Amino acid sequence: MKKICLNVILMMISCMFFIGCGIQKPSKIKNNDFKSEKYSFYIEANENRYQEYQKANPEVSWKNVILRVNIGLDQPYYVNSEPSIYLNTSKLLVNKYFYLLEDYVPNNLVELDINYSKGGISLVDVAAENFKRMVDAAREDKINIRAISAYRSYQYQVTLYNSYVKRDGKDEADTYSARPGYSEHQTGLCVDVDNGINNFTDFEKTTSFEWMAENAHKFGFILRYPEGMEEITGYSYESWHYRYVGKKIATYIKEKNITFDEYYMEFLNG
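Numbering (this note's numbering), first residue to last: 818 to 1087.
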């Protein structure tokens, strides 16, 4: 009993010392938690940014703090952006922090047959081939999927983006349209779809959308801007916008319920 009382007294003296001296007790989570072996995507130069982001978002796990800061989410969009790497591959990332040059045109663009699109639409060959395979598989299940937009040149995006800005203002346009050079459509790896009947903005209400949700990954496609992930992708939810990343990556993204941005920062960055 005397031993317990002595321990209590010592603890009280310790607390009084910290309070009296204005010294804060050490945090249970130390900086080197970022440097754990399981966080191979930790970037030492970003440590102060990790700490600041975590203070502002204490509910976010350490892993996601690192991934989000590596994406650039602790900074305004289009600030300190970098040129994209992995050009002409399915690993290519383009978002509000990684851009393509004005003269970038992907290799091996092929035009989709009218049986798979509304016409005049092109994709990179590997994406086009897998898109056709996906559409054929859907038809076997009595489901219709059609490409309505895919590759867009830099200049095309200039015209499109400016028209949205004129109509809705820049702040609003930035929530749903990419600035020139920052559009995934310039990669030739993404495709907007509909079912040939409903307006594409209502795609999520169709059985075609339900089929895509269950099967798109089998052909290497992901829903690029999912609902509830707007903070990470930087864009409003688009049920019609799909991106080719290859079957392996698409399957992982679906199973883990993450975005391509997060996958890229964990496995492909640098």
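Backbone N, C-alpha and C define an ideal beta-carbon position, used for all residues, glycine too. Just so it is clear, the structure is predicted and the values come from calculations on it, not from any experiment.
Query: For Ser939, the residue or residues it bridges with in DSSP; Result: Glu928
Query: Residue ranges of each beta strand (DSSP E) within the stretch 1042 to 1079, 3 or longer; Result: 1055 to 1061
Query: Asp991 - containing alpha helix (DSSP H), residue span; Result: Lys987 to Tyr993
Query: Three-way DSSP call (helix, strand, coil) for Phe1038 in this model; Result: strand
Query: Test item: CB-CB of Ala945 and Val1010 under 8 Å; Result: no
Query: Val911 burial status per 10 Å Cβ neighbour count (16 or more: buried); Result: buried
Query: Span separating the alpha-carbon of Ser980 from that of Ser857; Result: 43 Å
Query: Helix, strand or coil at Asp920 [DSSP, three-state]; Result: coil
Query: Three-state class that DSSP yields for Gln841 in the structure shown; Result: Confidence at Gln841 is low in this model, with a pLDDT of 38, below 50, so the placement of that residue should be treated as unreliable; the coordinate-derived value is given next. Coil.
Query: Opening and closing residue of the alpha helix (DSSP H) in which Asn885 lies; Result: The sequence shown places Arg at residue 885, rather than the Asn named in the question. Run containing Arg885: Trp879 to Ile888, per the alpha helix (DSSP H) assignment.
Query: Same chain, Cβ closer than 8 Å to Glu869, five either side skipped, listed in chain order; Result: Asp891
Query: First and last residue of the uninterrupted alpha helix (DSSP H) at Arg969; Result: Premise fails: Arg969 is in no alpha helix (DSSP H) and is neither H nor E.
Query: Range of the contiguous alpha helix (DSSP H) that encloses Tyr1081; Result: Neither: Tyr1081 is in no alpha helix (DSSP H) and is coded neither H nor E.
Query: Stretch pair the stretch 1027 to 1034 + the stretch 1065 to 1074: three plus CB contacts closer than 8 Å; Result: yes
Query: Straight-line gap, Tyr895 to Phe1020 (C-alpha atoms, nearest Å); Result: 29 Å
Query: Whole-angstrom distance between Tyr867 and Gly837, CA atom to CA atom; Result: The predicted model places Gly837 with a pLDDT of 44, which falls under 50 and marks its position as unreliable, so this point remains unresolved.
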